[in-house]
Structure formats: structure tokens, C-alpha cells
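Here's the structure we're looking at; comments come further down.
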Ligand SMILES: Cc1cc2nc3c(=O)[nH]c(=O)nc-3n(C[C@H](O)[C@H](O)[C@H](O)COP(=O)(O)OP(=O)(O)OC[C@H]3O[C@@H](n4cnc5c(N)ncnc54)[C@H](O)[C@@H]3O)c2cc1C
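Numbering (our numbering), first residue to last: 40 to 669.
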């Protein structure tokens, strides 16, 4: 993986060009490389050996505290010490001012080693980043800074038992805490009451405090909650109250663990149902036990969802990259297995053998061959390679766009923003679906052994299965893409993407061996544009969006075919981001990348036709299916 990462950085993404920007001027390719080296080492030493342990020794609640294995504490302590929580932040905040693309790649090593152990850190930096964007100076100083330092960890509390995909139905209430509620230096102070479901890292003893970021509604003058998302505000609700100097006051806030969820995978990250303000820990209330949990508003009333979604591009790219890394872990495990497990005979006798070729592969006088020599095993390995390396290219391309958005010229920044609108649903959902499929193939390569807990691949699949569910389910990503992203601003995002894809197909059309895939991709792009129009031809959302998920799949495959073709150009030395250092790749790896690209065009891209055909015709069978017919 590291070789591929370095290749993509230096020969495809032109990471060296970032060094010319003032924000990254103190860095060099060497400092970028040493961050990657350090993270790779810590992940290998402190995370990977305990990945299985964190799965088998699930978090346990004794009624007072949640217990995690000591190895989880040690892994997170090592992560905190690495400084990675604040890696992208300003130097004044203890950060390293790393570009997003380097930060994400460095964190990818942790996801690959143990995605569940890494979960606490990802949530904490996401939470603190949000406060940096929307918090007051004191909220940043007290909460974000201590999260970046790893003194406190953070959560994101959006979901409720009755409000998952539909956050407009959030029912947690926040009422002003006294007449002077606006005078609190930590922010307008409220009392919150409600239940939050599925909260990752919602309870543990890893840090002395937990900073919950909670979505809740402030009732109107009639005492009723404002319907829809407009009524949602955002609050900091610390588990233990703190003062302006960020010292714990010793007061336990009324946030109580109602129970732990027992999950299919990702078991090392606690997952909780939290009760806010139900009186389990009455706080600053005298005899009134259920006044509510104390929370400090972030941003304006009613602006909570916007604040929360501000960080979504990065969070969703991060989820996609996590899915890629789980795919990679399975790919590497199944590759090792396929190289060492002897099973079956070759179809053809060796060329030195004069006997006629039987074609049966059943000549028992021949020695067994390693699995990797069978064409069907190579098919499954190539599929995994195409999904995982393609997914890595997608994630890093999007992370590089985030850098462009924040530090590029005004024109480049605007373009990056437009592209990210359409690519973010793909960055999240494509790896979640196809790198999960890679995990399934990794199990298949192992045969029966893959289905046991003696090999790691079943855990990879279980861990990865989450990614199509959280951070916006697969279905919701499809609705967002076809219902909003490709039609907003007159379809500007799709048009810009089409321009970039066409630039690649034109360049590839001139290169030997790439002209045919270039043609194929140009055709698929045209079909995608036509299907987008056809889906909306009647202007009826119900008709257009009934096939939003096949649309998402087709769109994703077109994007991945484009990225693979572009990477193939770079492999052959026709990239437009040549690095000042390093040879391209050793010949076998070059051949491997080109084979994975050809695999994608031969086996995957043709699926686009089937997906788009139901989109084009606005196929109504699902939409019109009578509920009683099931
Ligand atoms: C392990 C885990 C960790 C999580 N961590 C967190 C966390 O830290 N913080 C947090 O706030 N949340 C967290 N979540 C919650 C997660 O974001 C939700 O599970 C997710 O948003 C889906 O909500 P739901 O489970 O209520 O499913 P539902 O919203 O009920 O969806 C069920 C199915 O219906 C589909 N569906 C729903 N609405 C529509 C529609 N309008 N049109 C078409 N299809 C629809 C969905 O796509 C899905 O397939 C976590 C969940 C899990 C499982």
C-alpha cells in the first residue's frame, strides 16, 4: 500500500506543488514522508496487534463505568502523543499545518490497522474541527484545544431512536437556563432533555472528560418544537462541567449511559444510547432533579444542522477512506493466503511436459499449485486490487480537492468546491459498497478458513459493513446525488466533472493501449449525462428518485473508471503531475496497475449500462410495488 500511496502522491496528485503555498511552506517532501512513516509505525505497533482483541473483548458496562481493554488505552495514548489529533491545525494550536491529503493518508494507516480503535480519535478531531469553524474564541480555547491535545475526547450526537436519516424529527429539547442564560462565558447556556441513539464513543474512561456535540431543538414561544431542520441548534454538552480555564469543576453533567449497543463489527468503539437531562445526575438544580443537562449553544439558534454539515465533506471522505483501508487489509491478507495455500492442479500441463493438455486441472500426478495460479482466484484478487487502489485514488483525489478549496487560488478553490459537491457522495458511498465487496472476496479466496475467526478477513467484512449505514446511508447518498447535487446551480458540478473526465479521455486517446478504454469511458459519460436528463424529464421527483441508488452506483463506476484511466496515464509517464523525485514504479507494479485498470474496464464498467437503463426509463416497478404484494 505504501508504494501505491507514494506513487499517487508524487506522480499523480503532484503533492510537491502544495509546498509552494504559504500555509505549507515549512514542510518538505521529507516531512510529509516522515509523518507517514511515524503513523505507519505506530499503527503497526500499537493498533494492529490489538485489532482482534478489541473485537473479542467488547466494551463492558458494569452499571457505573464502561471497561475497555488496557491495550485500547495504550493505543489511544500513542495516537495522542503522535500529535495527529491536531495535524492539520495551525502551529499556534499545537498543530502541524499538514495538508488534508497528507493528514488523511497518515490516518489511513490507523484505519487499516484497527478501524475501531481509531474511531475515538477520528470523532475527536471532527468534533474539535467543527468548534474551530463555528465556536466562540472561548469555546475553541476551552473545548477544541483540549480535544486536539487529547485531554478530552469528543462525540457527535445527531441520531435519536426515532430520528435517523430524518434528522428533522429530532426531539431533544433545549430551553434557556435562567434569565441570564446568555451571560455564560462558555456560550448561551441551555438545559437539554432527550435521548440520543447510536452515539459512538459516547461513554468510556479513556479521557477525563467527553465533549458531546448535540443537536437539539429550542421550542418556540408556544412551547412547541419548530418542525423541520430549521429548528435544530447545536450544543456543547460536556460529561463533566468545566470552567473558563478548562478546569473540571467536579460537577457531573446529567448525561447518562442508558446502555451499550452490541454490534456486528466496529466493536472496539463503544456505541451508546445516551439520556440527556433525565435526572440520573442532577446538576446545579437543588432539589429539582430533572432540570436537564447543561449545554452551551454553538452558532446561532436554528443553525445547528448547517454547522454540523460544515464538516461533512471531510468526514465523508474519511468514512470512504476507512472503507478503502478495510478493503486493503482484506486484500493483503487474501493475497498472502493465495500465495501460500496449495490447492488444485493447473489447467494446463507445464510447457516442459509433452503430454497433451487435458484442460481439466485434475491430473493428480501433478503437484498442487498455490491458489494464486488459478484464473478465478486472480479474478478475485484483481477485483480487490481494482476496488481498493481505485478507492484510494478517489479518497486522495477528494482530499487534494479539500486542500485546493482551502489554500488554492480563488478560481481553483471555487472549482474544487463545485467538484466536491458531486464527488463527496461518491467518496463516501463507493468505497463503502465496493471495498465491502472486496472484503467478501477476501473471505472467498480463503474458502472455509475465511469464514472462521482464525483469520482476520471476517472481521474486516463485519467492520466494513457499517460504512453503508452511518454518515448518511447508501440510499440517502443516492437521493442527495440525483436529487440535489447534480441538479444544483444548473448542473454545474456534473458539467465540471464531465470536463475533467473528457480531458483525461482525450489524453488517453493518444496513448497506445489506452485509446479503447478512453472510448469506452467517453461513451459511459455520455450515457450518464443522458440518463440524468431522462430521470428528470417529467420533473416528478418521485419518478426520478425511485432509482437513485442505481444512479449512484453508475455514477460511482464512471468516476472510478475515469480515475483508473488517469492513474494509468501516470503509470505510463503521461501524468501531468510529475514529481521532482523518484522513479515511477517497478515494472511488475506498473503491469499490475495497468491490469487492474483493464479489469475495471472489462468487468465493471459494463455494469453501468444496466444501472442506467432503469434510471433512463424511470423504471417504476419498485415505486409502484404494492405493500401487500410482499
Ligand atoms: C455503529 C454505528 C455507529 C453510529 N455512530 C453514530 C454517531 O456517533 N452519532 C450519530 O449521531 N449517529 C450515529 N450512528 C447512526 C447512523 O448515522 C444512523 O444509523 C443512520 O443515519 C441511519 O439511521 P437509522 O439507523 O435510524 O435508519 P433509518 O433512517 O430508519 O433507515 C433505514 C433504511 O431506510 C432507508 N431510508 C430512510 N429514509 C429514507 C427515505 N426518505 N427514502 C428512502 N430510503 C430511506 C435508509 O437508507 C435505510 O436503508 C451510528 C450508527 C451505527 C450503526
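Ideal placement from N, C-alpha and C gives every residue a C-beta, glycine not left out.
Inclusion of residue 300 and residue 311 in the CB contact set at 8 Å is warranted, their separation being smaller than that value.
Residue 508 sits in coil when the DSSP states are folded into three classes, being neither helix nor strand. Around the beta-carbon of residue 427, 16 or more other beta-carbon atoms lie within 10 Å, marking it buried. For residue 183 against residue 167, the beta-carbon gap comes to about 4 Å, under 8 Å, which counts as contact.
Within the chosen limit of 7 Å, ligand 1 does not reach the beta carbon of residue 590 with any heavy atom.
In the pairwise beta carbon analysis, the region 518-529 is classified as not touching the region 491-498: fewer than three pairs are separated by under 8 Å. Residue 657: not part of any alpha helix (DSSP H); DSSP gives it neither H nor E.
The C-alpha of residue 461 lies about 48 Å from the C-alpha of residue 400. Contact between residue 433 and residue 406 is ruled out by a C-beta separation of about 41 Å, above the 8 Å threshold.
Inter-residue distance for residue 482 and residue 663 is about 37 Å (C-alpha atoms, whole angstroms). Cα atoms of residue 364 and residue 144: separation of roughly 10 Å, rounded to the nearest angstrom. If you check the C-beta of residue 310 against ligand 1, you find a heavy atom less than 7 Å away. Under the three-state reduction of DSSP, residue 665 is assigned to coil, being neither helix nor strand. By the neighbour-count definition (other C-beta atoms within 10 Å, threshold 16), residue 558 is an exposed residue.
Of the residues assessed, residue 151 falls on the buried side of the cut-off, its CB having 16 or more other CB atoms within 10 angstroms. Annotation: the region 156-232 contains the following complete segments of the beta strand (DSSP E) (minimum length 3 residues), in chain order: 191-196 and 212-215. Under the 8 Å Cβ criterion, the region 225-233 counts as touching the region 331-345, having at least three qualifying pairs. For residue 130, there is no enclosing alpha helix (DSSP H), as DSSP marks it with neither H nor E. By the Cβ criterion, the region 355-370 is in contact with the region 430-445, since at least three pairs of Cβ atoms, one from each stretch, lie closer than 8 Å. In this structure, the beta-carbon distance from residue 373 to residue 412 does not fall below 8 Å. Annotated three-state conformation of residue 335 is strand, per DSSP. Between residue 241 and residue 313 a beta carbon distance of about 5 Å is seen, short of the 8 Å cut, so the two are scored as contacting.
Judged by DSSP in its simplified three-state form, residue 315 adopts strand. In the structure shown, residue 40 adopts coil according to DSSP, grouped into three states. Per the Cβ contact rule, the region 57-76 is in contact with the region 131-141 (3 or more Cβ pairs under 8 Å).
In the structure shown, residue 254 adopts extended strand secondary structure according to DSSP, grouped into three states.
Between residue 296 and residue 206, the alpha-carbon positions lie close to 22 Å from each other. Annotation for residue 598: 465 place their beta carbon closer than 6 Å to its own, counting only its chain and skipping 5 residues before and after.
A residue is called buried once 16 or more other Cβ atoms fall within 10 Å of its Cβ, and residue 298, having fewer, is exposed. Membership of residue 435 in any beta strand (DSSP E) is not indicated; the residue belongs instead to the alpha helix (DSSP H) covering 414-446. Look at residue 49: its beta carbon is at least 7 Å from all of the heavy atoms in ligand 1. At least one heavy atom of ligand 1 lies closer than 7 Å to the C-beta of residue 197.
Only exposed fits residue 120, as fewer than 16 other CB atoms lie within 10 angstroms of its CB.
Per the coordinates, the alpha-carbon of residue 222 lies some 25 Å from the alpha-carbon of residue 265. For residue 194, the shortest separation between its Cβ and any heavy atom of ligand 1 lies below 7 Å. Closest in C-alpha terms to residue 416, from the list 437, 402 and 383, comes 383.
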